[in-house]
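Here is the structure we will look at, set down as structure tokens.
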Amino acid sequence: MIWNEEFECMELEDLKNIQSERLSRIASYVYKNCPVYRQKFDDAGVCPGDVRTIDDIVKLPFTTKEDMRDNYPFGLFSVDTRHVSAIHVSSGTTGNPTLVGYTKDDIALWSDVVARALCCAGAEPGDRIQNAYGYGFFTGGLGLHYGALAMGLTVIPISAGQTKRQLKIMQDLQPRIISCTPSYALYIAEEAREMGLDPRQSSWEIGIFGAEPWSESIRVDIERELNLLATDIYGLSEIIGPGVSQECRYKDGLHVFSDVFFCELIDPVTNEPVAEGEDGELVITTLTKQAIPLIRYRTRDIVSINNSACRCGRTSPRLSKIKGRTDDMIVVKGINVFPSQIEHVLFGIEGVGNSYQIVVDRKSHGLDEVEVLVEVEESIFSDEVKVLRELQTKIKSQIDSVLSIGVKVTLVEPKTIERSIGKSKRLIDKRTL
Amino acid sequence: MKITQISVFLENRKGRLAEVCALWGRNDVNIRALTIAETESFGVLRTIVDRPETAIKVLKENGFAANITDVTVVEVSDRPGGLANVLEVLSDNDVNIEYMYGFGEKYSNNALLVFRFEDTAQAQDILLANGIKIVTRKEIHGL
């Protein structure tokens, strides 16, 4: 089913009219209610009256991650914080964390877009969803939760982790849908096997996987391992959380709910728009949010867009899977690798600290090789070589299950990884590309 | 009767072992027994020293990953079949040896061997019950 047929199947011309109307309204709204935006507009020499159609959006200034951090906690809010119903915070690896807020109407909007996403993936009212995204500050857990409630699913709010329990609940309650990160899905499959279960026999028919970029090859792995339809959900907390875009059963791009999240694709260097089908940085404007509407937010995600209607009946444009980042992403053997994915795995292994380094090199035979150096802290050191080898193997297999590029893991002495101003230099790319 | 062994993580890099030895030399720590377990990318140095507390302290101060483990030092008569005797006792009693290595010095004309058992207490009971001499910390100090 299509949750919000009016908007999801709208003629593009009509959509454009709605976008134009909403953009002009939101431009006036932020100018009036948020001093930071007023200043930004003034600096750019633009006033809300200049914005009549959606095409005028190029006149408006960009918003960046740095703007979010610099104006922490409430500087970018366009409402009195008394009207804020909920706050989410994502950890900052540099400086301030990123804080976002939602009014009651924003929560309703969030519920609606996630409901659209769930339906897009194939959920039907009455289905049970095992929501294995983390609950709490992370927007994944509660975002899926709100959307599932809105569309009439039965939510199993199990949150992330406790894999054995996940499997038991799955067996007992037979949910049709699982939502979690793609790497966790693979981990669940592995754990099931270790427990002597066949993950292909799970009750899950649909997986809604997001919060980290994942490739088509990981989709192949997940679908083979878990025997379900693996769909990609995209979102970011700055915009709303999960529910910005979602794949339908045809898995041919993520339908973006562009009546509320207007997308532009630009060249990250020149800031000029790129043509349909070409790769560019995704820039999103929230057309209807109240607490923190963002104008032209630079996501740093590289995607392409496809404006043609989909076989599923939706006209909403489709974004490709994330093809890269304007920041720290690298491509190895054709696979997108984010140092953060490796970091995520390492943090999940007890005793392994955050002192690691990823070294990418091209070997003489022409193949890229990724070596992950992990410092041996006292907590993981053992006089028994087999313990250290087991750790090495464990790190390798967990990284390989997420990245499938076949990394080499090397244990190194403590404090040997170069640190720059207290923070390790995480990625060394020695390839001459 | 447990003897303190010090283990140190070493990367397979030139001069790492020399650095550990020099550090101990400067701090008046004398090595009694030593072995290195190696893999293609790293090694684990295991040693018995005369002043384990100082040895571990200076290692940590200098950023080495090191730890202490209880090992058992056994006196083995220095003649053909001497070690076989001890190993037979252990094997007959299902005692697992993680690893073992030899001492440089002799003790009252017998050879000394360092054993790392899975279960030190159980292994020691069995050795004693079979009349095998376990060397004490004091005796090692006297070497």
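Chains as they are written, first to last, in the numbering used here: chain A, 10 to 442; chain E, 1310 to 1452.
Glycine residues also receive a C-beta, built at the ideal position from the N, C-alpha and C atoms.
Exercise. Does the pairing of the region 230-250 of chain A with the region 274-286 of chain A give three or more beta-carbon distances under 8 Å?
Worked result: no
For this session: Could you tell me if Asn140/A is buried or exposed, where buried requires 16 or more neighbouring beta carbons within 10 angstroms of its beta carbon?
Result: buried
For this session: Let me know the secondary structure DSSP gives Ile96/A once reduced to three states.
Result: strand
Problem set entry | Exposure label - Pro44/A; buried when at least 16 CB within 10 Å | exposed
Exercise. Starting from Tyr38/A and walking both ways along the alpha helix (DSSP H), at which residues does that stretch end?
Worked result: 21-42
For this session: Return the CA-CA distance between Arg305/A and Gln210/A, expressed in angstroms with no decimal places.
Result: 45 Å
For this session: Helix, strand or coil for Arg125/A, going by three-state DSSP, please let me know.
Result: helix
Exercise. Per DSSP, Asp241/A forms a beta bridge with which residues?
Worked result: Phe218/A
For this session: Could you tell me if Asp79/A is buried or exposed, where buried requires 16 or more neighbouring beta carbons within 10 angstroms of its beta carbon?
Result: exposed
Exercise. Quick one: does Val1444/E have its CB under 7 Å from some CB of chain A?
Worked result: no
Problem set entry | Spatial distance of Glu225/A from Thr73/A (CA atoms) | 29 Å
For this session: Select from Met77/A, Glu75/A, Phe50/A the residue whose C-alpha is nearest the C-alpha of Lys68/A.
Result: Phe50/A
Problem set entry | DSSP three-state assignment for Val1444/E, whether helix, strand or coil | coil
Exercise. Which of helix, strand or coil does DSSP assign to Lys260/A?
Worked result: coil
Problem set entry | Three-state class that DSSP yields for Asn1376/E in the structure shown | strand
Exercise. Using a beta-carbon distance cut-off of less than 9 Å, what residues from the region 369-386 of chain A approach chain E?
Worked result: Glu384, Val385, Glu386
Exercise. Leaving out the 5 sequence neighbours to the left and right, which residues in its chain are closer than 6 Å to Thr107/A when beta-carbon positions are compared?
Worked result: Met77, Ser99
Problem set entry | Cβ distance (whole Å) where Asn1419/E is taken to contact Glu1384/E below 8 Å | 5 Å
For this session: Taking Asn1394/E as part of the alpha helix (DSSP H), name the residues at either end of that continuous run.
Result: 1391-1401
Problem set entry | Boundaries (first-last residue) of the alpha helix (DSSP H) holding Glu199/A | 191-203
Exercise. In chain order, what residues of the region 1344-1369 of chain E put their CB closer than 9 Å to some CB of chain A?
Worked result: Ala1346, Glu1347, Thr1348, Ser1350, Phe1351, Gly1352, Val1353, Arg1355, Lys1369
Exercise. The beta strand (DSSP E) with Leu296/A in it runs from where to where?
Worked result: Element bounds for Leu296/A: n/a, residue is neither H nor E.
Exercise. Under the three-state reduction of DSSP, which class applies to Pro66/A: helix, strand or coil?
Worked result: Reading off the sequence, residue 66/A comes out as Ile, not Pro. Ile66/A: helix per DSSP, three-state reduction.
For this session: Helix, strand or coil for Leu420/A, going by three-state DSSP, please let me know.
Result: strand
Problem set entry | Proximity of Trp213/A and Leu195/A at Cβ, strictly below 7 Å | no
Exercise. DSSP three-state call for Arg1325/E: helix, strand or coil?
Worked result: helix
For this session: Flag Phe1318/E as yes if its beta-carbon sits less than 7 Å from any beta-carbon of chain A, otherwise no.
Result: yes
Exercise. Which residues, in chain order, does the region 238-271 of chain A contribute to contact with chain B at a C-beta distance below 8 Å?
Worked result: Within the model displayed, chain B is absent; protein chains A and E are what it includes.
For this session: Return the chain-ordered list of same chain residues with a C-beta closer than 7 Å to the C-beta of Leu151/A, the five sequence neighbours on each side being excluded.
Result: Tyr144
Exercise. Given that a residue counts as buried once 16 or more other Cβ atoms are within 10 Å of its Cβ, and exposed if not, what is Gln1433/E?
Worked result: buried
For this session: Examine the ligand FMN and report whether any of its heavy atoms sits within less than 6 Å of the Cβ of Gly286/A.
Result: Annotation note on the ligand FMN: not contained in the displayed structure, which lists no ligands.
For this session: For Thr107/A, write down the residues that DSSP places opposite it in a beta bridge.
Result: Ser99/A
For this session: Please decide whether Gly1334/E counts as near chain A, where near means a Cβ-Cβ distance under 7 Å.
Result: no
Exercise. Between Val1317/E and Phe1373/E, is the Cβ-Cβ spacing less than 7 Å?
Worked result: yes
Problem set entry | Cβ-Cβ distance between Leu296/A and Ile35/A below 7 Å | yes
Exercise. Do Ile187/A and Ala157/A have their C-beta atoms within less than 7 Å of each other?
Worked result: no
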